[in-house]
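Colleague: Okay, so the sequence shown: first residue is 841 according to the numbering used here, each after it adds one. Glycine included, every Cβ here is placed at the ideal spot set by N, Cα and C.
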Amino acid sequence: ARGDTVLPSTDIYSLGSILYEMLAGVPPFQRATPWETVQCVLEQQPPPLPMSIPLDLRTICEKCLRKESEYRYASMAALAVDLGLFLQGRSIRARPVG
Numbered sequence: 841a842r843g844d845t846v847l848p849s850t851d852i853y854s855l856g857s858i859l860y861e862m863l864a865g866v867p868p869f870q871r872a873t874p875w876e877t878v879q880c881v882l883e884q885q886p887p888p889l890p891m892s893i894p895l896d897l898r899t900i901c902e903k904c905l906r907k908e909s910e911y912r913y914a915s916m917a918a919l920a921v922d923l924g925l926f927l928q929g930r931s932i933r934a935r936p937v938g
């Protein structure tokens, strides 16, 4: 959204947005105009996911949507590992924010 170089962390953020919408039923950011939506992406955190969603899955999604790219997954492979661990019912590597 800032016009920076597209890196793997950009794709991870995008995938996190899709995951968020799949889990919540709404996009993480949606406003009246595209410009207002972009402003929200840049300046706000997405609303918390419903508590009915398992903590580990919320944690994975939140890690993908971190504003600071250095706090997102380092690669799609690392994200895939955590998703796989979640699907297997095992502990994921990511930890909840805060």
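When you compare each of L905, E910 and I893 to F926 by their alpha carbons, which one comes out closest?
Modeller: In the sequence shown, the residue the question calls residue 926 occupies position 86. Taking only the C-alpha atoms, the option nearest F926 is I893.
Colleague: Could you pull out every residue in the same chain whose Cβ sits closer than 7 angstroms to the Cβ of A864, ignoring the five residues on either side in sequence?
Modeller: On the sequence shown, residue 864 is found 24 positions in, with the first residue counted as 1. Around A864: L889 and P890.
Colleague: If I measure Cβ to Cβ from S857 and keep anything under 6 angstroms in the same chain, skipping five residues before and after, which residues do I get?
Modeller: As a first step, residue 857 is located in the sequence shown; it is residue number 17 there, counting from the start. P868, listed in sequence order.
Colleague: Return the first residue and the last residue of the alpha helix (DSSP H) that T899 is part of.
Modeller: Taking the sequence shown and counting its residues from 1, the one referred to as residue 899 is at position 59. Residues L895 to C904.
Colleague: From the DSSP output, in three-state form, read off S915 for me.
Modeller: For the purposes of this step, residue 915 is taken as residue 75 along the sequence shown, with counting starting at 1. In this structure, S915 counts as coil in the three-state DSSP scheme.
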